[in-house]
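Comments concern the structure below.
Protein chains: 4
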Amino acid sequence: MSRVKVGLIGAGRIGTLHAEHLAYRIPGAELVAVADVAIEAARACAARYGVPLVSGDYHDLLQSEEIDAVVICSSTDTHAQIIGEAAEAGKQIFCEKPIDFDLQCIDRALQAVGDAGVKLQIGFNRRFDPNFRRVREAVAAGQIGMPHILRITSRDPAPPPLSYIKVSGGIFLDMTIHDFDMARYLMGSEVEEVYAVGNVLVDAAIGEAGDVDTAVVTLRFANGAIGTIDNSRQAVYGYDQRVEVFGSHGMVRADNETADRTLLSDAQGVRAALPLYFFVERYTEAYIAEMEAFVEAIQQDTPPLVSGLDGRAPVVIAYAAARSLREGRPVRVGEVDTR
Amino acid sequence: MSRVKVGLIGAGRIGTLHAEHLAYRIPGAELVAVADVAIEAARACAARYGVPLVSGDYHDLLQSEEIDAVVICSSTDTHAQIIGEAAEAGKQIFCEKPIDFDLQCIDRALQAVGDAGVKLQIGFNRRFDPNFRRVREAVAAGQIGMPHILRITSRDPAPPPLSYIKVSGGIFLDMTIHDFDMARYLMGSEVEEVYAVGNVLVDAAIGEAGDVDTAVVTLRFANGAIGTIDNSRQAVYGYDQRVEVFGSHGMVRADNETADRTLLSDAQGVRAALPLYFFVERYTEAYIAEMEAFVEAIQQDTPPLVSGLDGRAPVVIAYAAARSLREGRPVRVGEVDTR
Amino acid sequence: MSRVKVGLIGAGRIGTLHAEHLAYRIPGAELVAVADVAIEAARACAARYGVPLVSGDYHDLLQSEEIDAVVICSSTDTHAQIIGEAAEAGKQIFCEKPIDFDLQCIDRALQAVGDAGVKLQIGFNRRFDPNFRRVREAVAAGQIGMPHILRITSRDPAPPPLSYIKVSGGIFLDMTIHDFDMARYLMGSEVEEVYAVGNVLVDAAIGEAGDVDTAVVTLRFANGAIGTIDNSRQAVYGYDQRVEVFGSHGMVRADNETADRTLLSDAQGVRAALPLYFFVERYTEAYIAEMEAFVEAIQQDTPPLVSGLDGRAPVVIAYAAARSLREGRPVRVGEVDTR
Amino acid sequence: MSRVKVGLIGAGRIGTLHAEHLAYRIPGAELVAVADVAIEAARACAARYGVPLVSGDYHDLLQSEEIDAVVICSSTDTHAQIIGEAAEAGKQIFCEKPIDFDLQCIDRALQAVGDAGVKLQIGFNRRFDPNFRRVREAVAAGQIGMPHILRITSRDPAPPPLSYIKVSGGIFLDMTIHDFDMARYLMGSEVEEVYAVGNVLVDAAIGEAGDVDTAVVTLRFANGAIGTIDNSRQAVYGYDQRVEVFGSHGMVRADNETADRTLLSDAQGVRAALPLYFFVERYTEAYIAEMEAFVEAIQQDTPPLVSGLDGRAPVVIAYAAARSLREGRPVRVGEVDTR
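Protein chains in written order, with our numbering: chain A, 1008 to 1346; chain B, 1008 to 1346; chain C, 1008 to 1346; chain D, 1008 to 1346.
Below, the structure written as structure tokens:
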């Protein structure tokens, strides 16, 4: 099978991470171009990974006949536009989450993808984490029977800069969106109603920016199950990423990954390692696996494992959560879905 | 210090359990009388533990000058009445939870206790579990900083008989009431608002009886923290009793107790023991510890560790939860408190 | 079934512990007499547990027709003598380990027991620990196939007083003897050869007293399996009691028991509880279970679960270990067995 | 800093593994040549990783001025010869373990390295495992005080082919040699005496080939500590690689790595994942880290972290273990060291 020729659009932190994987870790792919409006960033990335084509304009990549697929890691406000153009250009598309903050924009982009008949995979990397994947497999295989209760704990080690918070779209669109996707993935059922409680407990400045830093969200699923997500912008002990699904015949849960499995016992107690610090440390394997899956979907012409609709659904849930927090009541997902 | 002479009122399952502890495990107490309207039950219990005085009428115990304290384990609908009379008779009182389903009855009973100047300890045994006590101590000592998020998982191994469900007062007054107490105990802050979601997923007959068997409850605390409780009437792997408190400087959590600490590894996987089956197995030490604390409070004339108000508060929260479930909206605790 | 009337001989620490269990925790037994050459100790014990008969001479107990069984907790040098006399008096016998330091004395005592046709159970309490019992059951049930390797870690939290060390018979007869018994129990096979290495690493005074405080013993079993035991007189983190059996189809191991199952995560690490401090904390349930088993063996006229030969074998192994350490070579058990 | 140009000698399984790391995972290295007497293997490896120079004769690499360093992964009997020639050619040398089975050969090779003033790093990859490294750091930092007892469990998931067993040099030179190195690494003290017990319990054919498949080795260290290693050629549950160091102020231990951290609880029990299957799965990160360290030692002109003497010492210990097994007695390392 010939290698998939990939162009990277956006050479920031997450773009560079994907570039390294495409260059070194994914035999089926060949990274042939890098574009970034900050041309220096594109150049640096290209030099580091030996990429021949560099541009300050992603249109150069879309026009290149050599390129099979694009990986979109530019800023969120550009995703929908680039998806649309890339689809028209007939490129296979991987796009970082979220597609957009605006549902109509998302729908237009998905329409373009559908019309062009290209593939679109959304970067919900956590689905490819070996732990969550194992939990999903156990649920899907019926090992816990019918799912009744879902619990997700998702806490970051430290809040992002305030400047980022202000343009993040709020905690639900920025952070909980991953958990909304995880909820759909693990349960295999759609979220119908959301109730969100939040508070500013970590940093008053986050509150002044109009956001919350601590939240608990209750989910009602179409299959009757109930879920609960808890978020914090600051867990001093590191990235806390755990899930649990309880059902009629059992329970499956995933604990955090740590740097090692050592225990130190002394007169004060028994000490184990902290969770891996943040998403780069915790999800490296997942980032590689999602890109491998994208490349494989292209090579074997199969549907991507995280579809455009999978990218849209968590945005809708996030809207419902935000309204719930604002209005202090449970909100049905249908209330905020414009479709 | 002279031993506290105790009379037991109600010789059912929980009464017999307390009788055994009072007879054998608590050096500071002497079990001198047993009363039960089912006189045969009282006789059997007395014979088993060598108790001299037996009666079919608890008034005999209240009138006995020999008896310092009563332990009330009769049916819930008799608690408030017996508390009132025991207080008037000047007895120290231990009463199983809940005090009553009716807040006015509770208030009258607490009034009587206050007027008589006797002690009243409510049987929230889980506060005396070494795990939860350790969690509380860590929180109280500031080891996790300011508490932000509370998580309680509380699942029974199997539902009670349907006949019991029908008179139980509903899942929140019967089962979650322990978790509401645990929430107040662990957080050291009052619950101000409750949002409850529930469903019938375990047994349709429970739904026909007007109750739910699966529930998730969100709590807002006066100190700004947020809590979430999840309940099921049936965890096939045994009694699932875990708590977690997350705060500004860390997290403390308690996992389940198991019968042993062995691991068996074979070609299929690594297997560990299940949680202890149910409350008798899990909380034996806690039942003994709460009774020791009661006896010690009498001997040293200190306030009981679980007061009458501690008995009242979870009933109010349970009312708020029930209304929330009924009305599909968050309910402030003040809405249901008649005081 | 009528209760077994028990007389306690020796009211020191371990005797008092058994007295409490016989008085309160074992329904099938009745503690009716306590003897101790230190009559005050006997009196204190009897008063504490309401025992009617007290004596400074154990012969009073042997002569009492009321007494069915004796529990021997006197000093080791008196065990064999008392066993012999108790057997002649027709009493059922529970004796603390070791039977004696001298094999000929042991053999005479076992002979007397055999001649009298009474039961003799030796106090190897660890066999009744739920963890080790579970490991034994897994091995016996073939869950790990044929056993190949045994690992025992057995470390005390702190050395005994030097005065005790001097009369203890040495680390192998005093401390490792429990592990030799555990080895036979878990493997269901006899030890044929021993190689012991030891050193003085904890306290030079122990070396000056002619003993070692740190030891590693290699065992060869009749079934071809190999075992290794490691001992220390001082584990600052508490009583370290772990076993592991590895076999053709898997492995089973038991970790330490701790006071609770909490985990505290903060910026420094994840902390769990230490092992239970020492044998009283760790083995309370095992002490009760061994006494229950003794009482049951009498009531149902079945062989005791830890026989006189089970009491003799670890003494022989300890002798082989001591000689191995002295002579710096592996020693076959047959070399030191006088029989 | 310029990249280190590396030539690979030997393109078998372990050679190919190093080739992949040198090609993709170690930015400081450039894989420029591959040699193997089986020229097809060299060609396949070179093609896979885009290596320009291929040869059937490693002398081509030694003569190339372009090559800074060689990585020797040929068969053991060629190691010493190639080390000597590579040293004379002025190449930096990484060599897989063991250097040789013959101490005089080893000494000649080390002499050549010393004379040439080049670096030699031996492939004891386990030193670079994050778990064992963390244990070593804890010991070296004094976190457990003075080390007293070392325990190493090292069991393979399945025996190698019988043809391999026959030329392996025996279990101690082939398998335990890693544990001997680990013992020296963790304890920071030399082994002075060895006692080995072994048996054929896994496969009778291994015994017929003159080897054992199950072994327990006792080590005495210069610092007075005692160690015990247990080995099996077949752990059906996977690669079992655990260590524990116990000392005057505490204990540190490392448990196995598993594929995930999930737990599945159902009516039968709680199930966790098995250990990673074998050395490729378990030690990938360690293989990369050792090669990074080699490259760094060259670039920064520092001594390699695993020296030639570190490669020699475990061979001597293995000889002592083999003699101990043969003669049934403890053997001092000095007895077998020809130097």
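By construction, the Cβ of each residue, glycine as well, lies at the ideal position given by its N, Cα and C atoms.
Residues bridged to residue i by DSSP?
i	result
C1102 (chain D)	D:I1079, D:I1129
Y1202 (chain B)	B:T1225
I1016 (chain B)	B:A1042, B:I1079
From residue i to residue j, what distance separates their C-alpha atoms?
i	j	result
A1049 (chain B)	I1074 (chain B)	17 Å
R1268 (chain B)	V1277 (chain D)	12 Å
E1199 (chain D)	A1116 (chain D)	24 Å
A1279 (chain C)	I1172 (chain D)	43 Å
L1312 (chain D)	A1300 (chain A)	38 Å
F1131 (chain A)	D1109 (chain A)	18 Å
D1237 (chain C)	R1260 (chain C)	15 Å
Y1056 (chain A)	P1034 (chain A)	14 Å
L1127 (chain A)	S1314 (chain A)	6 Å
E1103 (chain A)	T1023 (chain D)	34 Å
A1094 (chain C)	G1019 (chain B)	45 Å
A1274 (chain C)	D1262 (chain B)	21 Å
G1152 (chain C)	F1139 (chain C)	17 Å
S1272 (chain B)	K1012 (chain A)	45 Å
Just checking: is the beta-carbon of residue i within a distance shorter than 9 Å of some beta-carbon in chain D?
i	result
N1138 (chain A)	yes
T1023 (chain B)	no
S1009 (chain A)	no
P1282 (chain B)	yes
Is it buried or exposed, residue i, if we count other Cβ atoms within 10 angstroms and call 16 or more buried?
i	result
E1072 (chain D)	exposed
E1334 (chain A)	exposed
S1082 (chain D)	exposed
V1174 (chain A)	exposed
H1028 (chain D)	buried
A1304 (chain A)	buried
D1122 (chain D)	exposed
G1091 (chain B)	buried
E1297 (chain A)	buried
L1193 (chain C)	buried
L1169 (chain B)	exposed
A1328 (chain A)	buried
G1234 (chain B)	buried
L1068 (chain C)	buried
Taking 8 Å as the cut-off, is the C-beta of residue i nearer than that to any heavy atom in the ligand GDP?
i	result
Y1326 (chain B)	For the ligand GDP, the structure offers nothing, since it holds no ligand at all.
Taking only beta-carbon positions, decide if residue i is within less than 9 Å of chain A.
i	result
Y1192 (chain D)	no
H1155 (chain B)	yes
N971 (chain D)	Absent from the structure is residue 971 (chain D), since the part of chain D shown begins at 1008 and ends at 1346.
With a threshold of 9 Å between beta carbons, is residue i in contact with chain C?
i	result
M1258 (chain B)	yes
T1269 (chain B)	yes
S1239 (chain D)	yes
Which bits of chain E does residue i rub up against, with CB to CB less than 7 Å?
i	result
Q1248 (chain C)	Included in the structure are the protein chains A, B, C and D, with no chain E among them.
Compare the C-beta of residue i with all C-beta atoms of chain B and state if any pair is closer than 9 Å.
i	result
V1243 (chain A)	yes
G1335 (chain A)	yes
R1289 (chain D)	no
A1232 (chain A)	yes
Y1031 (chain C)	yes
With 7 Å as the limit, tell me which residues of the stretch 1201-1228 of chain C have their beta carbon closer than that to any beta carbon of chain D; keep them in chain order. Y1202, V1204, N1206, L1208, T1221, V1223, T1225, R1227
Could you list the residues in the stretch 1073-1091 of chain B with a C-beta less than 8 Å from some C-beta on chain C, going in chain order? none
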